[in-house]
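One structure is given below, encoded as structure tokens.
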Amino acid sequence: MRHRGIVGGVVVALVLVCSFAVLAQEKFGLKDIPEIKNKKPINMIVETGAAWDKVIEYIKQFETATGVKVNIERVASPVVYSKENVELMAGTGYYDVVYVETSWTCEWSDYLFDLEELAAKYDPKGVEGFREDIQNISPVLLRCGQAYGKQMVLPFYTYHMGMFLRQDVYDDPTEQAAFKAKYGYDLKPPTTYKELYDQAEFFTRKKGDTLKGKTLDHDLYGVAMMAGAYQINDEISCWIWGMGGDYATVVKNPDGTIKEFVITKKDKDILKQALTQYKDLLKFAPAGCLTANFDFACAQQGEGFAIIQPHQFASLFTWTADLLKEKVPDGRLGIYPTVGGQPYTGAWSLGVAKASKNPEAAYWLVRYIASYDCQKVLMKEGGQFSARMDLLLDPEFHSPETEYPLGLVCSYLVDIWKQQAPYVDNYWYFNTRAGGKVYEMQMNVLHKPMAEEVTIDECVQELVAKTIELTSKFDTVPIREE
Amino acid sequence: MGTLGKVVFWLVTAFVLFVIVAPLAWIYLTAFKSPNDIFTTEARKLIFFKPTMENFNRLFREFPFWDNFLNTVIISVASTVVVMVISSLAAYSFARWNTGKGHLLFTTISTRMFPGVVAAIPFFVMYRNLGLLDTRFGLTLLHIYFNTSFATFLLYGFFKEIPEELEQAAMVDGYSRVDIFRKIVLPLVRPGLAVTAVFCLVWSWNEFLFSFLFTRVAARPVTVLISSFWGSIEVQYGPMAAGAAIVILPTLVAAWFMQRYIIRGLTFGAVKG
Amino acid sequence: MRTEAFSEVQTGYAVARKPTIWEVLTSEKYFKWTLLIPLLVVLAIFMLYPLLYCAYYSFHQWGMRGEAIYVGAQNYRQLLNDKAFLEALYRTLKVLVICVSCELLIGLGLALLWSREFPGENIVRGLALLPLLVAPLILSLLWNFMFEYDFGAVNLILQALGLNKVYWWSPQRALYTICFITIWQWFPFSTFVLVAGLRSLPRDVFEAAKVDGASPWYTFRRLTLPMLSPLIMIIVVLRTMWLIRLFDPLYGTTRGGVQTELLDWIVYRTAFVYFDIGYGSTMAIFSLVLTIAVCAIMFKMLMRALGGTR
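Residue numbers (UniProt numbering), protein chains in the order written: chain V, 1 to 482; chain C, 1 to 273; chain H, 1 to 310.
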């Protein structure tokens, strides 16, 4: 009894001390940026969209506080890669801050600074201070932003994927009973392909049928997917990772460096199976999905035409939920891990170019945009999801008003990152220089069997051949097919 | 024309006009719509909705719309003027004397047979070395290059229509070559010049790929700005339509003048004999 | 302007003074070349350079980073066996034939219809120019939205009329949708060139034919068409050249998916997405040779037609 009392007392004391320590530990903010000696203006390129619309206003505060002008070029998202690549490869040195999708990190690692190098040089708190701040950022996304062990970029917002489904439909007793009667097990968010297939089939209905007891005045589809030549590869990644495969297996040396990439027979079989399953699932999707990008797929669910989006960027949850609230007043969305539990991950991130004429200011701008205050603006006003776990767990986003839809996604993200953390290091995208190129190629090749242009076998062959070709051309690590 | 002929005429004309104008009317309607009205499945919302000026406000407030617009104007007008000079001279040479026996003319046209994207890279490297990136002058040069081949070829056709006898008569009268060109031939091809000039202007005005690659902020034309509304979450159709609505207007005016000119050209340049 | 001194130069008589540069340049012998000087300068700078650059790199393997490796004709061999490339080529030729024929027919028909004077002609002809005036990129995003299955205006109107919605972007239909967008944008071009041409035709020949009692069809076939043939050929050559390069409609719509990948799209992907400059240059050179071949044939026909009318 006495022991327990003492132990209890010590624990309470420790908790109190730690809380004070945490409270005393102030978050890195604008005030922490020291005097920047280099006043040359810096240039950055970002995409358009509401997220940047809001954050750009905060960058003005950075300008006032540091006296460094920031020139921002905004371009359409699909062409960010081309524009930056041309400038980087031609060595113009124009962009100081570079906007990077994490699958391009390795590819551009030659052109970017190791952020810790900059921290050591310019940060009064040094590398320690840098590490302390980024501790709060999702380790999964930090890893995606590393190349060969060095932190090249910090995440701006994440597009980690998840499964969106109509929670109200799943909770409805009529539907639950009907499902159980037909398939023999309870209706709950699917965790296997068979469950997803059954549920997609179950929810595909014609105008005149019922949903939740009410007659439908339009056709209903089980799923909405992005099968167009834009993001289909992200959806396929969810499947192959979930089944334990990858586009190529990363083989490492005992010391941790990469030895080679092997496209194993298992990888090919898993890819084939994933494509077959995906194609089968398409019959429960609206016809427009074949050319769909995320806006179409989300709109289908938001308008109430589709029940499940098996894989969608979590950042689009709030938009879809808002649309749904307007079109289907009693509709509600839920977000769950994709089948297999390894959704496509990554973040749009910011890095500093080696050719920059003002790396000091560029470094601080990157830190500022990744800081708590800016990221909070991003979430509250820009409608995107930050990579900072301290922000996602902030009670402000978990109050009764904000729990749906924001808080739901925040909790989902933190959980899925915990779950996926052990696997990210081995994802092929984040270990190769050819990541960006292969990604773009996949967008085109993986779409073809869905459009009936080639058979699935031909697609797998083409993908493997082109992956090998591109990796041989653009990476130094050997790649072979088993 | 008989009554039946008139009816058919107007039916066809009305149908053609509808097919042309309807999609463009969509741009003007969308410019005034709020996002909800754009992504709706109700057909009536196509035309009946509550208009808002928000798209225009955003466009002017948050983006350098007018700066970009000025860039477009300068680049288009400058390149068109230069192209017209170069091309009319060259086209006359080809039309009257068949200089180079058709090979040179063909070479001129073949400049546009090369995929633009691949030409972009060597130009990018060249421009980087010359410091011409993100300059209006640099982009104007590129536009001149694009339009010269087309303008030369089109003007060639128009010059060819002028009968040689006219010029020979003038030479007998003692006119020099230069005078014949300036005082006799040019006025006769005015409709052709008008058509060509307007096409060059419009294409320079609307050009995207090279404008996008070769400019960043300073020399950026307005087409790049409008296309940049293709965002990561959504295509912001509202501001895009608002921008397009404004940008189309000057070209409309230019085109209207051109097509009037054809009629005037007829009365001025009646060809006899 | 009197030019006695000038004509003496020509005939080789002894002259009192040497001719000025201007006089030499504008002399009968050299004038035609003088006129070409600006053009030749432009061509030399802007055409030769990329051509030589690409020709060089087509024999190398280069990703714009590091050294370029000489590989001889390997890129070309790969190209001829590249299934995706050959399919893109086939599709491009298909689109070419469809679009040129439709544009020409529509253009000719409308030009004949509208070449006369009629009330409101300014407005009609002004409006008809609209498709050419809008930036192609905007049009492609616009049409992508218009043809969308659920939200698109086209299907909404069809539904309102009681018809079924059409899936415009299906793998079978998408290529034709692209053709439609292209024809929609470009038929004003042929229309207006032909209107300008019709307007420039000498009236007296037609008046004479009318007096002689010729039927409209005869006039059209024997007089109008042959006199317009240079312009028609020019339209065909220009449009062919541009259609082989067709790119813009794809940009905001299918982006090469649903079996619509065309020649310039695959070149764009290779050169601008993979930055595989070696292979991309090979495609460009191949494309150039192909276009030259096709256009050269048409060009010869054009020259013959022109020779015949005068």
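Just so it is clear, CB atoms sit at the ideal spot from N, CA and C, and this is done for glycine as well.
For the pair residue 162(C) and residue 185(C), the CB atoms are nearer than the 7 Å cut-off. Close to chain V, meaning a Cβ-Cβ distance shorter than 7 Å, are the following residues of the region 119-144 of chain C: 124, 125, 128 and 133.
The CB of residue 216(C) comes closer than 7 Å to the CB of 73 and 94 in chain V, given here in chain order.
Straight-line measurement puts the Cα of residue 112(H) at about 50 Å from the Cα of residue 85(V). Taking 7 Å as the cut-off, the Cβ atoms of residue 223(V) and residue 337(V) do not count as close.
Contact of residue 105(V) with chain C is not assigned, every C-beta pair being separated by 7 Å or more.
Secondary structure remark: continuous beta strand (DSSP E) runs of at least 3 residues inside the region 55-83 of chain V, in chain order: 70-75. Buried is the label assigned to residue 130(V), since at least 16 other Cβ atoms lie within 10 Å of its Cβ.
Each residue's CA atom was taken as its position, placing residue 236(H) and residue 144(V) some 52 Å apart.
Any Cβ of chain H closer than 7 Å to the Cβ of residue 447(V) would place that residue at the interface, and such an atom is present. Taking a Cβ-Cβ threshold of 7 Å, none of the residues of chain V is close to residue 66(C); the smallest such distance is about 16 Å.
According to the DSSP secondary-structure assignment, residue 335(V) is paired through a beta bridge with 164(V). In this structure, the beta-carbon distance from residue 356(V) to residue 362(V) falls below 7 Å.
Shortest Cα-Cα distance from residue 113(C) to any of 277(H), 133(H), 143(H) and 293(H) involves 293(H).
Under the Cβ criterion of 7 Å, residue 265(H) is not counted among the residues facing chain V. The three-state secondary structure of residue 215(V), taken from DSSP, is strand. Contact between residue 75(C) and residue 139(C) holds, with the beta-carbon distance rounding to 6 Å and staying under 8 Å.
For residue 108(H), the nearest beta carbon of chain C is not closer than 7 Å to its own beta carbon. Within the region 88-164 of chain H, the alpha helix (DSSP H) runs of at least 4 residues that lie entirely inside it are, in chain order, 121-128, 130-133, 136-146 and 153-160.
Not a single CB atom of chain H sits nearer than 7 Å to the CB of residue 55(C). Under the Cβ criterion of 7 Å, residue 34(C) is not counted among the residues facing chain V.
If you check each beta-carbon in the region 42-69 of chain H against every beta-carbon of chain V, the ones closer than 8 Å belong to 61, 63, 64 and 65.
According to the DSSP assignment, residue 226(H) belongs to the alpha helix (DSSP H) that extends over 225-244. Per DSSP, residue 43(V) is one residue of the beta strand (DSSP E) stretching across 42-47.
For the options 181(C), 197(C), 134(C) and 137(C), the alpha carbon positioned closest to that of residue 151(C) is the one of 197(C). Using a Cβ-Cβ distance cut-off of 8 Å, the region 164-180 of chain H and the region 259-268 of chain H are in contact, since at least three pairs of beta carbons, one from each stretch, lie closer than that value. Nearest to residue 116(C) by alpha-carbon distance, out of 163(H), 25(H), 246(H) and 289(H), is 246(H).
Apart from the 5 residues on each side of it in sequence, residue 48(H) has no Cβ closer than 6 Å to any other Cβ in its chain.
Below the 9 Å Cβ cutoff, chain H contributes 63, 64, 65 and 275 as neighbours of residue 89(V), in chain order. Among the residues of chain H, those whose CB is under 8 Å from the CB of residue 112(C) are 241, 242 and 245, following chain order.
Going by beta carbons, residue 120(C) and residue 213(C) fall inside the 7 Å limit. Beta-bridge partners of residue 63(H) (DSSP): none assigned.
The continuous beta strand (DSSP E) containing residue 311(V) extends over residues 306-313. Taking a contact to require three or more Cβ pairs closer than 8 Å, the region 208-222 of chain H and the region 194-208 of chain C do not qualify as touching. About 7 Å separates the Cβ atoms of residue 249(V) and residue 261(V), confirming a contact at the 8 Å cut-off. Look at residue 299(H): its C-beta is not under 7 Å from any C-beta on chain V.
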